[in-house]
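Going down the list, the sequences are from chains P and D.
Residues 1 to 309 in UniProt numbering are what the first sequence spells out, letter by letter.
Residues 1 to 309 in UniProt numbering are what the second sequence spells out, letter by letter.
Just so you know, even glycine gets a beta-carbon here, dropped at the ideal spot from N, CA and C.
2 protein chains.
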Amino acid sequence: MRSLTGPLTSSDLSNSGNGPQLRVAYQGLPGAYSESAAAKAYPNCEAVPCEQFESAFDAVERWLVDRAVLPIENSLGGSIHRNYDLLLRHKLHIVGEVKYAVRHCLLANYGVKLQDLKRVLSHPQALAQCEHTLTKLGVVREAVDDTAGAAQFVASNKLQDAGAVASALAAEIYDLNILANDIQDDTDNVTRFLMLAREPIIPGIDRPFKTSIVFSLEEGPGVLFKALAVFAMREINLTKIESRPRNKKPFRIADEGVNGPLKYFDYLFYVDFEASMASQNAQNALRHLKEFATFLRVLGSYPMDISQT
Amino acid sequence: MRSLTGPLTSSDLSNSGNGPQLRVAYQGLPGAYSESAAAKAYPNCEAVPCEQFESAFDAVERWLVDRAVLPIENSLGGSIHRNYDLLLRHKLHIVGEVKYAVRHCLLANYGVKLQDLKRVLSHPQALAQCEHTLTKLGVVREAVDDTAGAAQFVASNKLQDAGAVASALAAEIYDLNILANDIQDDTDNVTRFLMLAREPIIPGIDRPFKTSIVFSLEEGPGVLFKALAVFAMREINLTKIESRPRNKKPFRIADEGVNGPLKYFDYLFYVDFEASMASQNAQNALRHLKEFATFLRVLGSYPMDISQT
Numbered sequence: 001m002r003s004l005t006g007p008l009t010s011s012d013l014s015n016s017g018n019g020p021q022l023r024v025a026y027q028g029l030p031g032a033y034s035e036s037a038a039a040k041a042y043p044n045c046e047a048v049p050c051e052q053f054e055s056a057f058d059a060v061e062r063w064l065v066d067r068a069v070l071p072i073e074n075s076l077g078g079s080i081h082r083n084y085d086l087l088l089r090h091k092l093h094i095v096g097e098v099k100y101a102v103r104h105c106l107l108a109n110y111g112v113k114l115q116d117l118k119r120v121l122s123h124p125q126a127l128a129q130c131e132h133t134l135t136k137l138g139v140v141r142e143a144v145d146d147t148a149g150a151a152q153f154v155a156s157n158k159l160q161d162a163g164a165v166a167s168a169l170a171a172e173i174y175d176l177n178i179l180a181n182d183i184q185d186d187t188d189n190v191t192r193f194l195m196l197a198r199e200p201i202i203p204g205i206d207r208p209f210k211t212s213i214v215f216s217l218e219e220g221p222g223v224l225f226k227a228l229a230v231f232a233m234r235e236i237n238l239t240k241i242e243s244r245p246r247n248k249k250p251f252r253i254a255d256e257g258v259n260g261p262l263k264y265f266d267y268l269f270y271v272d273f274e275a276s277m278a279s280q281n282a283q284n285a286l287r288h289l290k291e292f293a294t295f296l297r298v299l300g301s302y303p304m305d306i307s308q309t
Numbered sequence: 001m002r003s004l005t006g007p008l009t010s011s012d013l014s015n016s017g018n019g020p021q022l023r024v025a026y027q028g029l030p031g032a033y034s035e036s037a038a039a040k041a042y043p044n045c046e047a048v049p050c051e052q053f054e055s056a057f058d059a060v061e062r063w064l065v066d067r068a069v070l071p072i073e074n075s076l077g078g079s080i081h082r083n084y085d086l087l088l089r090h091k092l093h094i095v096g097e098v099k100y101a102v103r104h105c106l107l108a109n110y111g112v113k114l115q116d117l118k119r120v121l122s123h124p125q126a127l128a129q130c131e132h133t134l135t136k137l138g139v140v141r142e143a144v145d146d147t148a149g150a151a152q153f154v155a156s157n158k159l160q161d162a163g164a165v166a167s168a169l170a171a172e173i174y175d176l177n178i179l180a181n182d183i184q185d186d187t188d189n190v191t192r193f194l195m196l197a198r199e200p201i202i203p204g205i206d207r208p209f210k211t212s213i214v215f216s217l218e219e220g221p222g223v224l225f226k227a228l229a230v231f232a233m234r235e236i237n238l239t240k241i242e243s244r245p246r247n248k249k250p251f252r253i254a255d256e257g258v259n260g261p262l263k264y265f266d267y268l269f270y271v272d273f274e275a276s277m278a279s280q281n282a283q284n285a286l287r288h289l290k291e292f293a294t295f296l297r298v299l300g301s302y303p304m305d306i307s308q309t
């Protein structure tokens, strides 16, 4: 097993099953979808539940765990600005990404049949995503804090008239029976998770890399166009671009220490581009962007997840 | 009062208090933040609660109500892709926007004091947004379907040990006492709502207008750059740009009837720009964009909300 003290190299990711000792923080309870994403990112890792997103950042920064795996965008819900904010306020680096298709199951205690169900518990978003199925069943929907918590509640109270909408992993953990698989109305429900570490990986050029940056520009017509020109001129493909709604509140940026300076931005942009920061081309592009960006930070340069979700 | 049968003109918005009869659909229960947004958009309107976002679209299309007011992006949560999807699948037009600052209050029955509270009910997102305050109070947090529902539950059960996190409007509706105002941790919690109608407004040039479009491009380096050039060349400022995560599933587009064709997209982009479609400049820009966009739809051209939130 590699030492965890030195900076990571891109080979860390190729054998992402680097020993059962790798501790990976995720937000939620055991059986949460984030835990499954952590397991996809780091097979055989020890997944460590955290109550809040921010506690997952803290856990990595204070060496309690080695990595964090956190959701950054969902195909239905969009980008999670709060986690972009946390990326800016903390000093962690993106070392990888993993796409995870959310597949809701209907769980109940063994012996309980579909027609026994009077109510179904889950997170409000999960209940909403299974609207059609649950309406057809004619059950009362009860909202709780999270999907895994719903499964835990049904199991520990040995409920005979209630089910839970949660992951297949939650069924396993809380010893529940899967009454139905894939009960979500919309099949295209994919969440993209980021893998975060204290040290950046040294990007290679041996396989497709992606780089995530955040930058701000002075306001005015055409400035974004100018910013995108630095990539277009160098034939660098963008996989994501998003302007952040104007923020009246200053951000605390971690670049200059955890108590770093407060900064105000007219606009913030998130851009992901298909290039490794090991390539001269990408370095030139960022040097060019830096000439007129009022703020620029590389969140990470990491291997693309090219797997099918 | 104006007739509601003809196409709307931009003057509809200047006297948005156009009679108490205007029925406006919103998603949620009475006292939901969306209801307050509807009231800000259309003072003196009759706000009509809908259980789902889609039922609000249906209600307008079937003439059950005159308008819908729906959230499209939040400063913490990001864009609500699901509502963009609904805009594409339905035939409604954006006729205005309204920004609404979410201000959470702590509510309880009259006579109940802060120190009596053992638990606090609300939507999980609202509970999370008041993390610090609730932790300081040392109360148990209970997640329910929505903020207004929490207030209703506390009131109708005359709970003496429980409070709710909800809007000031919910306090009024359910006759609850406001124990604390503005208890959210993050003060910059602003939601942008769209005002939707069956007929587009005829955009004027008498005040600042904004136009929202959705388009798709063939994949490849530099195509987005080319698309933005059509605006930059004409000095049209963009207030929003967002690429939609790749969608494996086809969209059903309403352009050619409700059962319109299924279309597949490599990429979808959302752009808002600061120009009225009444201006020749904006028309030229869209004509130019249409030359190479594989799909283009104007969602609406409407007066900007320039009020302070």
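Shortest Cα-Cα distance from Arg207/P to any of Thr147/P, Thr191/P, Ile236/P and Ser276/P involves Ser276/P.
In the same chain as Glu142/D, and ignoring 5 residues on each side of it, the C-beta atoms closer than 6 Å to its own belong to Arg119 and Leu121, in chain order.
Asn284/P sits in a helix when the DSSP states are folded into three classes. Listed in chain order, the non-local C-beta contacts of Asn74/P below 6 Å within the same chain comprise Thr191, local neighbours out to five positions each way being set aside. Against Gly77/D, the close residues of chain P are Gly77, Gly78, Ile80, His81 and Arg82, in the order they occur along the chain (beta-carbon pairs closer than 8 Å).
Between Ile201/P and Tyr302/P a beta carbon distance of about 6 Å is seen, short of the 8 Å cut, so the two are scored as contacting. When 7 Å is used as the limit between beta carbons, Pro221/P is near these residues of chain D: Ala232, Glu235, Ile236 and Asn237, in chain order. Nearest to Leu64/P by C-alpha distance, out of Asp185/P, Glu46/P and Glu97/P, is Glu46/P. The criterion of a C-beta distance shorter than 8 Å is satisfied by Val24/D and Val48/D.
When only Cα atoms are considered, Leu169/D and Gln129/D end up about 18 Å apart. Proximity of chain D to Val144/P at the Cβ level (cut-off 7 Å) is accounted for by Ala143, in chain order.
When the Cα atoms are used, Arg297/P and Ala282/P turn out to be separated by approximately 14 Å. For the pair Ala164/P and Leu107/P, the CB atoms are nearer than the 8 Å cut-off. When CB distances to chain P are screened at a threshold of 9 Å, the residues of the segment 123-144 of chain D falling below it are His123, Pro124, Gln125, Leu127, Ala128, Glu131, Arg141, Glu142, Ala143 and Val144, in chain order. Pairing Ser216/D with Leu268/D gives a Cβ-Cβ distance under 8 Å. Interface residue (Cβ-Cβ distance to chain P less than 8 Å): Ser279/D is not classified as such. Contacts between Ile241/P and chain D, judged by CB atoms closer than 9 Å, involve Leu224, Ile241, Glu242, Ser243 and Phe269 in chain order.
Annotation for Tyr26/P: the continuous beta strand (DSSP E) segment containing it runs Arg23 to Gln27. Between Leu70/P and chain D, the shortest Cβ-Cβ separation is not below 8 Å.
Residues of chain D with a Cβ closer than 8 Å to the Cβ of Leu228/P are, in chain order, Leu224, Phe225 and Leu228.
Given a length threshold of 4 residues, each whole run of the alpha helix (DSSP H) inside the segment 189-236 of chain D is given here in chain order: 223-232. In the displayed model, Leu159/P falls within coil according to three-state DSSP, outside both helix and strand. Exclusion of the five residues before and after Ala38/D leaves Val24, Tyr26, Ala47 and Val69 as the residues of its chain whose Cβ lies within less than 6 Å of its Cβ.
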